[in-house]
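*Asks:*
2 protein chains.
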Amino acid sequence: MTIKQLQYIVTVAEEGNITAAAKKLFIAQPSLTTAIRELETEYNITIFMRSNKGIKLTSEGEEFLGYARQVLEQAKLIDERYMGKESGKLKFFVSAQHYSFAVEAFVELLKKSGADKYEFHMRETQTFNIIDDVAHLRSEIGILYLNKFNEEVIRKTLRDNNLTFTPLFKAQPHVFIGKNSPLAKKKYLTLEDLKPYPRLSYEQGSHNSFYFSEEILSTVDCDKELVVLDRATLFNMLIGLNGYTICSGVINEELNGPNIIAKKLKVDDYMEIGYILPLSIHPSHLTSEYIDILKSLTKK
Amino acid sequence: MTIKQLQYIVTVAEEGNITAAAKKLFIAQPSLTTAIRELETEYNITIFMRSNKGIKLTSEGEEFLGYARQVLEQAKLIDERYMGKESGKLKFFVSAQHYSFAVEAFVELLKKSGADKYEFHMRETQTFNIIDDVAHLRSEIGILYLNKFNEEVIRKTLRDNNLTFTPLFKAQPHVFIGKNSPLAKKKYLTLEDLKPYPRLSYEQGSHNSFYFSEEILSTVDCDKELVVLDRATLFNMLIGLNGYTICSGVINEELNGPNIIAKKLKVDDYMEIGYILPLSIHPSHLTSEYIDILKSLTKK
DNA sequence: TTTTGCCATAGTTAAAAACTATATCAAGTG
DNA sequence: CACTTGATATAGTTTTTAACTATGGCAAAA
Chain A
1097 MTIKQLQYIV TVAEEGNITA AAKKLFIAQP SLTTAIRELE TEYNITIFMR SNKGIKLTSE
1157 GEEFLGYARQ VLEQAKLIDE RYMGKESGKL KFFVSAQHYS FAVEAFVELL KKSGADKYEF
1217 HMRETQTFNI IDDVAHLRSE IGILYLNKFN EEVIRKTLRD NNLTFTPLFK AQPHVFIGKN
1277 SPLAKKKYLT LEDLKPYPRL SYEQGSHNSF YFSEEILSTV DCDKELVVLD RATLFNMLIG
1337 LNGYTICSGV INEELNGPNI IAKKLKVDDY MEIGYILPLS IHPSHLTSEY IDILKSLTKK
Chain B
1097 MTIKQLQYIV TVAEEGNITA AAKKLFIAQP SLTTAIRELE TEYNITIFMR SNKGIKLTSE
1157 GEEFLGYARQ VLEQAKLIDE RYMGKESGKL KFFVSAQHYS FAVEAFVELL KKSGADKYEF
1217 HMRETQTFNI IDDVAHLRSE IGILYLNKFN EEVIRKTLRD NNLTFTPLFK AQPHVFIGKN
1277 SPLAKKKYLT LEDLKPYPRL SYEQGSHNSF YFSEEILSTV DCDKELVVLD RATLFNMLIG
1337 LNGYTICSGV INEELNGPNI IAKKLKVDDY MEIGYILPLS IHPSHLTSEY IDILKSLTKK
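Just so you know, the sequences run in chain order A and B. All letters in the first sequence, in the order written, are residues 1097 to 1396 by our numbering. All letters in the second sequence, in the order written, are residues 1097 to 1396 by our numbering.
1. Do the CB positions of residue 1186/B and residue 1155/B come within less than 8 Å of each other?
2. Quick check: residue 1278/A and residue 1338/A, are their CB atoms within less than 8 Å of each other?
3. Please list, in chain order, the chain B residues whose beta carbon lies closer than 7 Å to that of residue 1388/A.
4. Where DSSP assigns a beta bridge to residue 1240/A, which residues make up the other side?
5. Quick one: complete alpha helix (DSSP H) runs, 4+ long, within the stretch 1107-1143 of chain B?
6. Which same chain residues, not among the five before or five after residue 1389/A, have their C-beta less than 7 Å away from its C-beta?
7. Rounded to a whole number of angstroms, what is the C-alpha to C-alpha distance between residue 1332/A and residue 1219/A?
8. Cβ of residue 1253/B less than 8 Å from any chain A Cβ?
9. Based on Cα-Cα distance, which residue from 1225/A, 1198/A, 1260/A and 1254/A lies nearest to residue 1253/B?
10. Going along chain A in order, which residues have a C-beta closer than 9 Å to the C-beta of residue 1158/B?
11. Going by DSSP, what residue range makes up the alpha helix (DSSP H) through residue 1210/A?
12. Out of 1127/B, 1264/B, 1361/B and 1296/B, point me to the one whose CA is closest to residue 1395/B's CA.
13. Candidates 1140/B, 1124/B, 1134/B and 1113/B: which alpha carbon is nearest residue 1147/B's?
14. If the cut-off is 7 Å on Cβ atoms, which residues from the stretch 1143-1157 of chain B count as contacting chain A, listed in chain order?
15. Give the interface partners of residue 1373/A over in chain B, defined as CB-CB distance under 7 Å, in chain order.
16. Around the Cβ of residue 1262/B, are there at least 16 other Cβ atoms within 10 angstroms (buried) or fewer (exposed)?
17. Skipping 5 residues on each side, what residues in its chain have a beta carbon closer than 7 Å to that of residue 1235/A?
18. Tell me the rounded alpha-carbon separation between residue 1271/A and residue 1281/A.
19. The stretch 1231-1243 of chain B: which residues have C-beta closer than 7 Å to a C-beta of chain A, in chain order?
20. Would DSSP call residue 1379/A helix, strand or coil?
21. What do you reckon, are the CB atoms on residue 1376/B and residue 1162/A nearer than 8 Å?
22. On the premise that residue 1158/B lies in contact with residue 1097/B, defined as a C-beta separation below 8 Å, what is that separation, rounded to the nearest angstrom?
23. Of all the options 1125/B, 1133/B, 1153/B and 1358/B, which has the alpha carbon lying nearest to the alpha carbon of residue 1285/B?
24. So which of 1115/B, 1135/B, 1335/B and 1136/B has the shortest CA-CA distance to residue 1149/B?
25. Using beta carbons (cut-off 8 Å, strictly below), is residue 1171/A in contact with chain B?
26. Using the C-alpha atoms, what's the distance from residue 1259/B back to residue 1290/A?
27. Give a yes or no on whether 8 Å exceeds the smallest Cβ distance from residue 1295/B to chain A.
28. Does the beta carbon of residue 1189/B sit closer than 8 Å to a beta carbon anywhere in chain A?
29. So, at 6 Å on beta carbons, what are the nonlocal neighbours of residue 1173/A in its own chain, with the 5 sequence-adjacent residues on each side left out?
30. Against chain B, does residue 1361/A count as a neighbour if the rule is that its beta carbon must be under 8 Å from one of theirs?
31. Would residue 1199/B count as contacting chain A if we go by Cβ distances under 8 Å?
32. Which same chain residues end up closer than 8 Å to residue 1132/A when comparing Cβ atoms and leaving out the 5 residues on each side of it in sequence?
33. Does the beta-carbon of residue 1134/A have 16 or more other beta-carbons within 10 angstroms, so that it is buried, or is it exposed?
34. Using a Cβ-Cβ cut-off of 6 Å (strictly less than) and excluding sequence neighbours within five positions of residue 1240/A, which residues of its own chain qualify?
35. Report yes if the C-beta distance between residue 1363/B and residue 1242/B is below 8 Å; otherwise report no.
36. Quick check: is the beta carbon of residue 1133/A nearer than 8 Å to any beta carbon in chain B?
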């Protein structure tokens, strides 16, 4: 098996016919024919049913293609990572829960790098995808938190995926409310205080980072539950409906505007925010710098 | 880049010297030297520092190796899946939460297959790993549940990973208690009923499948919390301490013995148990049969 | 020194993968 | 019904790639 062979069968499957695929791959049709047959012989499988009117994937072939795509996806990462370099294009990918300090550090790193050609990705997503992104090297670093609930599970998962967790700081859970909410007068809030008000949370989409935070509350504690898709909508409802939402309290004021305020939530829980890295990989220069910026932003 | 080149650099990195690696790979040393240099040239990187006394990985090389291993891991899956076939060794892998029907179906499939050479894996693990296993084809099928809390998040994750969810049945959350517990007289239980008793849950390890179930309860509702590592210990405590644990209620009696009983939990929540499959892959014969058995076991 | 244990280079050979040309086959077409 | 068309397969050839052998250079160990 070679990567080429895998690329070939994927292209053939996409094109639905060997001749067209050969044209697309800039090789002669017989070359493609033999390449495929050799792969089939090697594993003693039939990937395509041939006929004079094109080819058809067998179910066996369909299964094989799934595996092939996985290999190609990983191989593509290498090309993207190391071919970009030649063009002087700097690349950097972070997957993080929705923390403003992570975004700030990202922006600062981008400024510092001073590159004129770059491809930077800031992936704000949920815990599962953060771990998956870093484990499969789609991102070089991930930022997430551990708390009483998820700690054991997350740590085991990190171990299973050969990832390390390095704590940055401990955060207290905060409640975000509108500045005119009746709760705004209190110094800190308890879950009891929140009971009468509607709880807001994200439903899905890229801003689903509060998922694990939501575990701090349960339905039993919450009669009014609002689930929204959009960040701006959530903020509107915080203000308009005296709603609340719970998160780590590290979202800064500039990002939210003056109408949203944060209050400490009195609850027997902690949030330890840190970053995850693949064990097997030495962090790149950019990654190390990013970590330094993270530290300087959070150690104060 | 070829798979061979990647294998070569991994072996060289392991051996720490090109000559030894060449011997291990059954090729001549100059072949290996050029193969590596070609890879380095292709991506314009330096993977190894050469000296007359062996080689040394550069930090760049260390990073590259991480990527290389990912590709090789995926490629290995193909070899294992399709080379095993020649030896007549049947292979089947399931990742599931801890449901007895999943195990029963697994055992039945194994019996039915009648193979004398096989490698079957029953991976009882947590939600994240189930999704990850199936997404990366380490398992051909996964079994998990959706409920009000995790549904949106899980569904999005499944979509992101090109997985489909097919429901098998809806289960009512059940409380497991000792048969002599004061709660045993009640027909069904509410969260209110449970408040005075210690709640038991798994902490980690392979039996951590109740993780998401635990979300049904929150710390606020539970003053006494016991976390154990072992299933048998948990059952002991259910009986000895009048404790309880919540799960899907599909664990059968034979598995638990007569001293543990299940009671319906009255709570505004559901558990939809189903299986996940990769979109891109046509399920294998064994997988289809497993699904049939699952259906026959759960549809009654 | 000399030997030993590395990696690198040069030149050669064998194997793999491409190419061109052509065969085969069946469905659509005048 | 022959003919064209559009597909895959086969044969033979050429190019490219990846091995091989032999040898050189270099520094640390003997």
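Idealized CB from N, CA, C, for every residue including glycine. Here the structure is a predicted model, which is why all the values come from computation and not from measurement.
*Replies:* From the atom records:
1. Here residue 1186/B is taken as the residue at index 90 of the second sequence, counted from 1. Here residue 1155/B is taken as the residue at index 59 of the second sequence, counted from 1. Taking 8 Å as the Cβ cut-off, residue 1186/B and residue 1155/B do not qualify as a contacting pair.
2. As a position in the first sequence, residue 1278/A is number 182, starting the count at 1. As a position in the first sequence, residue 1338/A is number 242, starting the count at 1. Their beta carbons are under 8 Å apart, which means residue 1278/A touches residue 1338/A by this criterion.
3. Numbered from its first residue, the first sequence carries residue 1388/A at position 292. Chain B residues near residue 1388/A: none, gap ~16 Å exceeds 7 Å.
4. If you number the first sequence from 1, residue 1240/A lands on position 144. In the DSSP output, where bridge partners are listed per residue, residue 1240/A has 1370/A.
5. 1114-1121 and 1125-1139
6. The residue you call residue 1389/A lines up with position 293 of the first sequence. If we look at residue 1389/A and ignore the five residues flanking it on each side, its Cβ neighbours are 1201, 1204 and 1205.
7. Translated into positions along the first sequence, residue 1332/A becomes position 236. Translated into positions along the first sequence, residue 1219/A becomes position 123. Taking the straight line from one Cα to the other gives about 24 Å.
8. On the second sequence, residue 1253/B is found 157 positions in, with the first residue counted as 1. True, the Cβ-Cβ gap to chain A drops below 8 Å.
9. Along the second sequence, one-based indexing puts residue 1253/B at 157. Ranking the options by Cα distance to residue 1253/B, first place goes to 1225/A.
10. As a position in the second sequence, residue 1158/B is number 62, starting the count at 1. The contacting residues are 1376, 1377 and 1378.
11. Indexing the first sequence from 1 puts residue 1210/A at position 114. Here residue 1210/A belongs to no alpha helix (DSSP H), and DSSP marks it neither H nor E.
12. Walking along the second sequence from the start, residue 1395/B turns up at place 299. Cα-wise, what sits closest to residue 1395/B is 1264/B.
13. For the purposes of this step, residue 1147/B is taken as the residue at position 51 of the second sequence. Residue 1113/B is the option with its Cα nearest to residue 1147/B.
14. Closer than 7 Å at the C-beta level to chain A, one finds these residues of the stretch 1143-1157 of chain B: 1155.
15. Along the first sequence, read from residue 1 onward, the residue named residue 1373/A stands at position 277. None at all; the shortest Cβ gap to chain B is about 10 Å.
16. Reading the second sequence from its first residue, position 166 is the one you call residue 1262/B. When all chains shown are included, residue 1262/B counts as exposed.
17. Here the question's residue 1235/A lines up with position 139 in the first sequence. Only 1189, 1190, 1191, 1219 and 1229 meet the Cβ criterion.
18. Taking the first residue of the first sequence as 1, we reach residue 1271/A at position 175. Taking the first residue of the first sequence as 1, we reach residue 1281/A at position 185. For residue 1271/A and residue 1281/A, the distance between alpha carbons rounds to 13 Å.
19. For the stretch 1231-1243 of chain B, residues whose beta-carbon sits nearer than 7 Å to a beta-carbon of chain A comprise 1232 and 1233.
20. Here residue 1379/A is taken as the residue at index 283 of the first sequence, counted from 1. Looking at residue 1379/A - three-state DSSP - the assignment turns out to be coil, as it is neither helix nor strand.
21. Sequence index remark: in the second sequence, residue 1376/B carries index 280 (1-based). Sequence index remark: in the first sequence, residue 1162/A carries index 66 (1-based). Contact: yes.
22. Translated into the one-based positions of the second sequence, residue 1097/B becomes position 1. Translated into the one-based positions of the second sequence, residue 1158/B becomes position 62. With a Cβ gap of about 17 Å, residue 1097/B and residue 1158/B do not count as contacting.
23. Your numbering for residue 1285/B matches position 189 in the second sequence. The residue with the shortest Cα to Cα distance from residue 1285/B is 1358/B.
24. Along the second sequence, read from residue 1 onward, the residue named residue 1149/B stands at position 53. The option with the nearest alpha carbon to residue 1149/B is 1115/B.
25. Numbered from 1 along the first sequence, position 75 holds the residue referred to as residue 1171/A. Output row for residue 1171/A: interface = yes.
26. Against the first sequence, residue 1290/A aligns to sequence position 194. Against the second sequence, residue 1259/B aligns to sequence position 163. Going from the Cα of residue 1290/A to the Cα of residue 1259/B covers about 37 Å.
27. Start at 1 with the first residue of the second sequence, and residue 1295/B comes out as number 199. No - not a single Cβ of chain A is within 8 Å of the one on residue 1295/B.
28. Here residue 1189/B is taken as the residue at index 93 of the second sequence, counted from 1. Not one chain A Cβ lies under 8 Å of residue 1189/B.
29. Against the first sequence, residue 1173/A aligns to sequence position 77. Correct list, in chain order: 1233.
30. For the purposes of this step, residue 1361/A is taken as the residue at position 265 of the first sequence. With 8 Å as the cut-off, residue 1361/A does not count as an interface residue toward chain B.
31. Here residue 1199/B refers to the residue found at position 103 of the second sequence. No, because no Cβ of chain A sits closer than 8 Å to the Cβ of residue 1199/B.
32. Mapped onto the first sequence, residue 1132/A falls at position 36. The answer, listed in chain order, is 1101, 1104, 1105, 1108, 1114, 1143 and 1144.
33. Within the first sequence, the letter at position 38 stands for residue 1134/A. Exposed, because fewer than 16 other Cβ atoms sit within 10 Å of the Cβ of residue 1134/A.
34. Taking the first residue of the first sequence as 1, we reach residue 1240/A at position 144. Same-chain partners within the cutoff: 1193, 1223 and 1226.
35. For the purposes of this step, residue 1363/B is taken as residue 267 along the second sequence, with counting starting at 1. For the purposes of this step, residue 1242/B is taken as residue 146 along the second sequence, with counting starting at 1. Taking 8 Å as the Cβ cut-off, residue 1363/B and residue 1242/B do not qualify as a contacting pair.
36. In the first sequence, the residue the question calls residue 1133/A occupies position 37. Not an interface residue.
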